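Residue numbering for the sequence shown follows the UniProt record's numbering, starting at 1 and increasing by one per position.
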Amino acid sequence: MWGKIHTTLIFLQDGVLCEYFYFTGAFLLQLLYFYGGFFIQYSTDNIAGPGCSVDPSEVTLPGCSCLSCSCRADSCSCLQTFGQAYESIGRLLNIDRPESGYSTPVFECNALCTCSDTCSNRVVQRGLQHRLEVFHAKSKGWGVRTMEEISRGMFVCEYAGEVISFAEAKRRQFNQRTEENNYIIAIREHAGTSSITETFVDPAQVGNVGRFLNHSCTPNLYMLPVRVHSVIPRLALFAGRDIHAQEELTFDYSGGYGTQPAAEAPSTVGLQRKPCHCGAMNCTRFLPLDLSILS
């Protein structure tokens with residue numbers, strides 16, 4: 001059994017693959033065909049970046065005292081407090097998002113829980129369960145595709161990186177050069193009638209396979225914040241529909257999904273917009289831009 005891996009990816013200048021990475025359960029992440037050399041720290045989990053006041057790896061949530069292999073809603077304190085999110089096979093119960101676009105929060109059992117590692121309320125924390133491949137996606141740069149079929153509602157991968165503050169996210173955005181890619185994802189959650197929780201994740205220098213996922217205006221994945229051990233959510237990507245082998249995996253950088261109409265782009269006069277090459281019928285022609293970070 002392979003444990004968590006925190007290492008450095010090194011790609012050769014001639015495009016030859018020089019290293020493979022195995023994850024929990026010996027599943028293979030195949031990194032292929034890279035033009036030019038670059039270095040990133042590969043991490044399967046979020047890490048604390050500038051301005052992050054809470055260590056994402058610190059266990060801060062209470063655990064249940066279940067002694068069964070898999071927790072039951074009638075006796076598990078986690079499920080009674082936060083609700084049941086998954087079927088017994090790990091598929092999301094509430095796959096369709098409500099009309100408001102906001103999803104029910106997901107809390108998994110954690111390191112303090114006494115249930116087994118095979119508990120049905122432990123999904124995202126198990127890591128990759130499908131074989132994925134990083135490939136050169138022509139005009140879109142690098143992309144990720146699945147090497148096997150993935151059923152609707154199943155967990156695919158995380159979007160992991162440095163958890164940073166709003167001020168740091170803003171600083172990085174303003175200091176970014178035109179030719180550089182923007183990897184910062186901002187997740188905003190409503191925690192009551194007027195309270196909004198914000199999480200900023202940047203996998204530009206420290207990240208996992210999720211950093212290679214491309215945007216699509218009609219994606220096949222959608223992002224859902226999932227809390228495991230920490231109050232800081234993991235940005236988990238689930239299959240929004242059945243996905244075929246060799247199909248590219250994509251999500252909407254603005255947080256939407258294919259069943260929702262494309263939003264009108266706000267005024268971006270004077271800002272350098274990056275073109276979208278997703279090829280969807282409803283393509284907005286430009287990649288989403290979070291103006292709140294730049295304001």
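For glycine and all other residues, C-beta sits at the position ideal for the given N, C-alpha and C. Quick caveat, the model's predicted, so the values are computed rather than measured.
Alpha helix (DSSP H) containing residue i: first to last residue?
i           : result
residue 174 : 166-175
Cα-Cα, which of the options is closest to residue i?
i           : options           : result
residue 221 : 80, 252, 45, 76   : 252
residue 122 : 63, 167, 247, 166 : 63
residue 216 : 119, 279, 177     : 279
residue 59  : 254, 111, 94, 185 : 111
residue 166 : 42, 242, 118, 52  : 52
residue 255 : 290, 277, 283     : 290
residue 68  : 45, 175, 114, 293 : 114
residue 155 : 174, 179, 129     : 129
residue 219 : 72, 243, 91, 176  : 243
residue 139 : 214, 41, 284      : 214
In three-state terms, what does DSSP make of residue i?
i           : result
residue 81  : helix
residue 207 : strand
residue 126 : helix
residue 287 : coil
residue 43  : strand
residue 196 : strand
residue 89  : coil
Over the uninterrupted beta strand (DSSP E) stretch that includes residue i, give me the two end residues.
i           : result
residue 154 : First-last for residue 154: undefined, no H or E at that position.
residue 236 : 234-239
residue 224 : 221-227
residue 136 : 132-136
residue 188 : 185-190
residue 145 : 142-146
residue 213 : Element bounds for residue 213: n/a, residue is neither H nor E.
Near residue i, which residues of its chain fall below 8 Å by C-beta distance, leaving aside the five closest residues on each side in sequence?
i           : result
residue 233 : 187, 189, 199, 225, 226, 227
Once you ignore the five residues that flank residue i on each side, which residues in its own chain have a CB closer than 7 Å to its CB?
i           : result
residue 75  : 66
residue 274 : 286, 287
residue 210 : 157, 158, 159, 160, 203, 237
Can you list, in chain order, the residues of its chain with a C-beta nearer than 6 Å to that of residue i? Leave out the 5 residues immediately preceding and following it.
i           : result
residue 169 : 184, 200, 293
residue 77  : 64
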